[in-house]
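In the working numbering, the protein residues as written are 186 to 661. Even glycine gets a Cβ: it sits at the ideal position worked out from N, Cα and C. Treat the numbers as computed from the prediction; the structure is a model and nothing was measured.
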Amino acid sequence: MTDVLARLRALQADDLPVHGGRTLAYVYDSGLPDIDRIGREAVASAAATNGLDPTAFPSLLRMENDLVGVGLRLLDAPDGAVGTVTSGGTESVLLAVQGARDSRPDVTGPVMVVPSTRHAAFDKAAHYFGVEKRVVPVGPGFRADVAATEAALDERVVLVVGSAPSYAHGVVDPIPQLAALASARGIRCHVDACIGGWVLPYAARLGRPVPPWTFAVDGVTSVSVDLHKYGYAPKGTSLLLHRTPELRRPQYFSSADWPGYTMLNSTMQSTKSGGPLAGAWAVVESLGDEGYLSLTRQVFEAVDLIVAGVASIPALSLVAPPDSSLVAFSTDSSCDAFTVCDEMLDRGWYVQPQMSYAGHGPSVHLSVSAGTRAHVDEFLAALASSVAAAQESGPIVVDPGIAAYIESLDPSSLTDDDFDGLLAASGLVGEGSGGELELPKRLAEVNAMLDLASPAMREALLVTFLDRLQRPRGVE
Ligand SMILES: Cc1ncc(COP(=O)(O)O)c(C=O)c1O
Numbered sequence: 186m187t188d189v190l191a192r193l194r195a196l197q198a199d200d201l202p203v204h205g206g207r208t209l210a211y212v213y214d215s216g217l218p219d220i221d222r223i224g225r226e227a228v229a230s231a232a233a234t235n236g237l238d239p240t241a242f243p244s245l246l247r248m249e250n251d252l253v254g255v256g257l258r259l260l261d262a263p264d265g266a267v268g269t270v271t272s273g274g275t276e277s278v279l280l281a282v283q284g285a286r287d288s289r290p291d292v293t294g295p296v297m298v299v300p301s302t303r304h305a306a307f308d309k310a311a312h313y314f315g316v317e318k319r320v321v322p323v324g325p326g327f328r329a330d331v332a333a334t335e336a337a338l339d340e341r342v343v344l345v346v347g348s349a350p351s352y353a354h355g356v357v358d359p360i361p362q363l364a365a366l367a368s369a370r371g372i373r374c375h376v377d378a379c380i381g382g383w384v385l386p387y388a389a390r391l392g393r394p395v396p397p398w399t400f401a402v403d404g405v406t407s408v409s410v411d412l413h414k415y416g417y418a419p420k421g422t423s424l425l426l427h428r429t430p431e432l433r434r435p436q437y438f439s440s441a442d443w444p445g446y447t448m449l450n451s452t453m454q455s456t457k458s459g460g461p462l463a464g465a466w467a468v469v470e471s472l473g474d475e476g477y478l479s480l481t482r483q484v485f486e487a488v489d490l491i492v493a494g495v496a497s498i499p500a501l502s503l504v505a506p507p508d509s510s511l512v513a514f515s516t517d518s519s520c521d522a523f524t525v526c527d528e529m530l531d532r533g534w535y536v537q538p539q540m541s542y543a544g545h546g547p548s549v550h551l552s553v554s555a556g557t558r559a560h561v562d563e564f565l566a567a568l569a570s571s572v573a574a575a576q577e578s579g580p581i582v583v584d585p586g587i588a589a590y591i592e593s594l595d596p597s598s599l600t601d602d603d604f605d606g607l608l609a610a611s612g613l614v615g616e617g618s619g620g621e622l623e624l625p626k627r628l629a630e631v632n633a634m635l636d637l638a639s640p641a642m643r644e645a646l647l648v649t650f651l652d653r654l655q656r657p658r659g660v661e
């Protein structure tokens with residue numbers, strides 16, 4: 186028994202660290218070991234409970250209502266507003282889109298209007314639910330273009346979307362204007378605050394300038410906000426909040442049309458562990474308002490120091506001044522952004538590469554959490570030396586033959602042979618690996634290759650890559 190847990194820990198040795206503030210994407214570290222422990226113990230205590238039937242597990246209903254209540258108060262919701270705990274940001278977004286679609290059965294070919302900077306979860310929702318996505322460009326500061334949004338509205342539009350903030354650039358869209366356009370036409374307006382929703386209200390209380398985006402803005406009909414991000418809860422919880430119960434109603438699914446129990450769900454999952462909900466409840470109850478205020482203070486101290494540090498390195502520039510806790514910077518021609526990411530990883534820091542998109546070059550993303558505050562000096566020293574190392578090693582030049590090969594491929598019909606050809610040409614299948622795909626230690630060259638490809642080609646290549654990774658060994 187203990188042997189298995191030792192093996193589990195051994196497997197985890199290659200994972201990115203989730204504590205210590207050195208992983209600046211995917212995880213959010215409060216830097217408070219007690220909070221982590223409480224979250225973990227709460228998850229474990231409820232892991233086997235089932236949210237399928239909250240009348241069978243009333244503790245789950247109680248904790249869900251408590252969390253939704255905290256979220257609604259934090260986001261200025263009016264009396265009577267409601268919400269649901271979901272499994273994460275993507276599920277909240279999926280349900281916001283599904284609810285908007287199903288609230289308008291009169292519309293054939295429903296459309297959502299999204300800025301080009303929305304999270305890809307909306308693309309997934311479009312794909313799953315057959316809602317057409319109408320993408321409008323952003324203005325110079327990467328914020329949704331209001332005039333372009335207005336021009337995109339017609340009688341088929343069931344949802345207008347804005348972000349608070351956007352993941353890639355960390356800026357808040359002009360929510361009052363977007364919501365006003367939507368509301369004047371009786372269209373729903375969803376604010377995707379999955380990443381910023383738990384941090385921006387506290388930033389405002391600390392006196393930082395925060396553009397309006399909550400339910401205090403007329404016309405905002407729903408908001409998504411993740412507890413497993415800046416709520417510092419264990420993974421597996423987000424809130425989808427609606428201004429009224431009527432707006433939430435199409436989200437429910439029930440089926441009595443089979444011989445078993447009547448299935449009755451408020452989210453996409455049916456059987457679902459109560460663990461994440463209990464973990465989030467325990468963390469939110471433990472931290473309380475003052476706890477979040479203090480963590481947010483640390484986040485913004487770190488953000489300000491990082492912004493100043495980036496400004497002091499001539500090869501780097503901010504992609505946009507951050508409205509929130511996300512920082513994106515780009516590199517000049519003296520230094521490759523993807524190499525900087527690899528160099529940072531060599532120094533024990535994970536920063537996330539972002540590919541070229543819509544005429545803008547590659548950049549580096551940081552989700553700054555409170556746990557990073559105590560180590561910012563180290564972070565900035567690692568960044569300076571990573572930039573120097575990247576300058577020293579020079580630009581990544583993708584072999585023109587490989588570039589031409591990628592160019593010749595058709596993403597809509599990429600075959601296994603095409604992919605194998607690319608792997609062989611790029612040396613990604615190592616000598617002696619028996620043809621088995623291995624994760625390269627340094628990714629700059631792979632990223633540079635992907636950066637040359639169109640978004641559709643990146644998708645096709647990465648899907649094939651993941652499909653290859655997800656094969657149990659020894660099963661033919
Ligand atoms: C703005 C925004 N929306 C949605 C999501 C999706 O959240 P998740 O990864 O929890 O599904 C994210 C994740 O980073 C996000 O930043």
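With a threshold of 6 Å on Cβ separation, who are the neighbours of residue i within its own chain once the five nearest residues in sequence on each side are excluded?
i, result
"A364", "C374, V402, G404 and V405"
"E644", "none"
"T557", "G206 and A487"
"A555", "S215, G216, L480, Q483 and V484"
"G617", "At G617, the pLDDT of 49 sits below 50, so the modelled position is not reliable; the number obtained from the coordinates is stated separately. Within the same chain, G617 has no close Cβ partners at all."
"Q576", "S519 and C520"
"H560", "G206"
"G445", "none"
"G284", "P435 and Q436"
"H204", "D214"
Measuring alpha carbon to alpha carbon, tell me which of the options ends up nearest residue i.
i, options, result
"V549", "V572, V561 and G326", "V572"
"Q483", "R303, L217 and A465", "L217"
"N450", "S440, P444 and S458", "S440"
"R433", "D595, V267, R225 and P202", "V267"
"P325", "G256, E335, H545 and P263", "H545"
"S519", "D527, R532 and I498", "I498"
"G347", "S409, V582, L252 and V253", "S409"
"F327", "D219, D358 and M540", "D358"
"A349", "A418, L391, G274 and G392", "G274"
"S423", "F242, S277 and A333", "S277"
"E623", "L599, L654, A641 and A367", "L654"
"D150", "S598, H427, Y542 and P657", "The shown model of the chain, from 186 to 661, leaves out residue 150, and the question about it has no answer."
"M425", "F242, F564 and L257", "Residue identity differs from the one stated: residue 425 is Leu in this sequence, not Met. Of the candidates F242, F564 and L257, the one whose C-alpha sits nearest the C-alpha of L425 is L257."
"A310", "L280, V331 and S301", "L280"
If you drop the 5 nearest sequence neighbours on each side, which residues of the same chain put their C-beta closer than 8 Å to that of residue i?
i, result
"M529", "Y535, V536, A567, L568 and S571"
"V631", "S611, L613 and P625"
"A337", "V298, R319 and V321"
"V495", "L501, S502, L503, V512, F514 and L568"
"S639", "P596"
"S455", "L237 and M448"
"A333", "V321 and P322"
"L196", "none"
When burial is assigned at 16 or more other CB atoms within 10 Å of the CB, is residue i buried or exposed?
i, result
"H312", "exposed"
"F436", "What sits at residue 436 in the sequence shown is Gln, not Phe. So Q436 counts as buried."
"P538", "buried"
"P461", "buried"
"S288", "buried"
"L201", "exposed"
"G382", "buried"
"G371", "exposed"
"D603", "buried"
"D527", "buried"
"V342", "buried"
"T269", "buried"
"A232", "exposed"
"W443", "exposed"
"E475", "exposed"
Cutting at 7 Å between CB atoms, please list the residues of its own chain near residue i, excluding the five before and the five after it.
i, result
"V384", "Y415, T481, V484, S509 and S510"
"L245", "T234, G236, P239, G459 and L462"
"Y387", "Y477, L478 and T481"
With distances taken between CB atoms, is the gap from residue i to residue j smaller than 8 Å?
i, j, result
"P507", "G294", "no"
"F523", "L628", "yes"
"I220", "S471", "yes"
"V255", "V469", "yes"
"V395", "I491", "no"
"M540", "L594", "no"
"F314", "R286", "yes"
"L647", "I591", "no"
"L366", "E335", "yes"
Please report the Cβ distance between residue i and residue j, rounded to the nearest whole angstrom; I am assuming they are in contact, meaning their Cβ atoms lie under 8 Å.
i, j, result
"T399", "D261", "4 Å"
"V316", "V282", "6 Å"
"T271", "T452", "5 Å"
"L252", "A465", "6 Å"
Beta carbon nearer than 5 Å to a non-hydrogen atom of ligand 2:
This structure does not include ligand 2; its bound ligands are ligand 1.
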